[in-house]
Amino acid sequence: MTKHQKRLSVPKSWPVERKTDVFTVKAGAGPHGEEGVPLVVLLRDVLGYVDSKKEARYALSEDSILVNGEPINDEQRPIGIFDIIAFPGREEFYRVFPDEGGRLALTEIDAESADSRLGKIAGKQQIPGGDTQLTLHDGTNVLIDEDDYSAKDSIVVDNDDKSIAAHFPYEEGALVTAVRGNHGGKIGEIAEIEVTQSSGSNIVTVETDDGAFETVEEYVVVIDENFTGDDE
């Protein structure tokens with residue numbers, strides 16, 4: 225299989241210029257599926273900390289870069305929405321957050337905020353032994369003791385012990401961000417959830433400071449104001 229990815233065909237969420245070169249790095253296996261952008265792309269094209277895959281491999285071999293609290297040694301490791309990228313030696317910490325149009329961007333945060341990450345619940349199921357397991361938007365799983373969670377809710381997961389630090393239900397009045405579609409990157413409160421009486425997606429009306437917009441509920445994620453990158 226090819227190790228390269230044509231720039232013109234990368235997902236719209238990838239923060240790369242599409243017409244500067246023909247190819248870019250292909251994401252490896254891991255979380256976020258096809259939407260995940262290789263770590264080296266963020267290090268090289270967004271932050272400018274390395275000039276090549278070779279330099280990225282060296283930096284990663286030093287355990288100087290953490291993703292969601294864990295050292296990463298694969299420069300092609302997929303990075304996606306709400307991941308936390310930490311550079312302890314530089315005392316720099318970033319959250320991956322949707323920019324205008326849904327393009328992935330790095331929002332600088334403080335060290336305390338980098339201790340946990342936000343996850344949208346994509347599914348819930350019982351596993352052998354009777355435990356209940358949540359599957360998050362990036363494909364990772366979290367075991368829960370109390371069954372107070374529903375699909376489309378969001379949780380905050382501690383990067384150290386993987387415990388749930390906070391829970392944000394998906395409901396009218398919740399603060400959300402659009403992560404895809406024409407309104408990607410916009411933040412507002414859910415004004416209405418219109419249930420579609422068919423196999424189609426439910427429609428969500430979101431009120432923002434500049435008005436309101438509608439989108440399908442798959443495109444919105446419940447967040448807390450502390451996870452917008454706004455320090456105010």
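The numbering of the sequence shown is our numbering, which starts it at 225 and goes up by one.
C-beta atoms are modelled at their ideal positions from N, C-alpha and C, and glycine is treated no differently.
Report the residue from the options whose alpha carbon sits nearest the alpha carbon of residue i.
| i | options | result |
| --- | --- | --- |
| L358 | E299, Y443, I345 and A390 | I345 |
| I289 | S425, D434, T420 and A338 | A338 |
| G343 | D371, F392 and D434 | F392 |
| E442 | D287, T429, P295 and D334 | T429 |
| G304 | N426, E258 and D385 | E258 |
| I411 | Y273, N426, I388 and A398 | A398 |
| N297 | T331, T364 and G254 | G254 |
Hey, quick one: how far does the alpha helix (DSSP H) through residue i stretch, first residue to last?
| i | result |
| --- | --- |
| L284 | K277 to S285 |
Going by the beta-carbon positions, is the gap between residue i and residue j smaller than 7 Å?
| i | j | result |
| --- | --- | --- |
| I308 | R268 | no |
| V179 | V446 | Past the boundaries of the shown model lies residue 179; the chain is included only from 225 to 456, so the question cannot be answered. |
| H256 | P302 | yes |
| E490 | I414 | With the chain running from 225 to 456 in the structure shown, residue 490 is simply not present. |
| N383 | G260 | no |
What are the boundary residues of the beta strand (DSSP E) that residue i is part of?
| i | result |
| --- | --- |
| I309 | I308 to F311 |
| D382 | S378 to D382 |
| P322 | E316 to P322 |
Which same chain residues end up closer than 7 Å to residue i when comparing Cβ atoms and leaving out the 5 residues on each side of it in sequence?
| i | result |
| --- | --- |
| L334 | Correcting the residue type first, residue 334 is Asp in the shown sequence and not Leu. Answer for D334: F317, listed in chain order. |
| D460 | For residue 460 there is no data in the structure shown, the boundaries of the chain being 225 and 456. |
Check the C-beta distance from residue i over to residue j and give it rounded, since I have them as a contact under 8 Å.
| i | j | result |
| --- | --- | --- |
| E299 | L271 | Going by Cβ atoms, the distance from E299 to L271 rounds to 13 Å, so no, they are not a contact pair. |
| K348 | A310 | With 8 Å as the limit, K348 and A310 do not qualify as a contact, their Cβ atoms being about 29 Å apart. |
| V320 | F306 | 6 Å |
Sorted by chain position, which residues of the same chain lie with C-beta nearer than 8 Å to residue i's C-beta, five sequence neighbours on each side aside?
| i | result |
| --- | --- |
| G313 | S288 |
For residue i, which residues of its own chain have a beta-carbon under 6 Å away from its beta-carbon, when the five flanking residues on both sides are left out?
| i | result |
| --- | --- |
| V419 | N426 |
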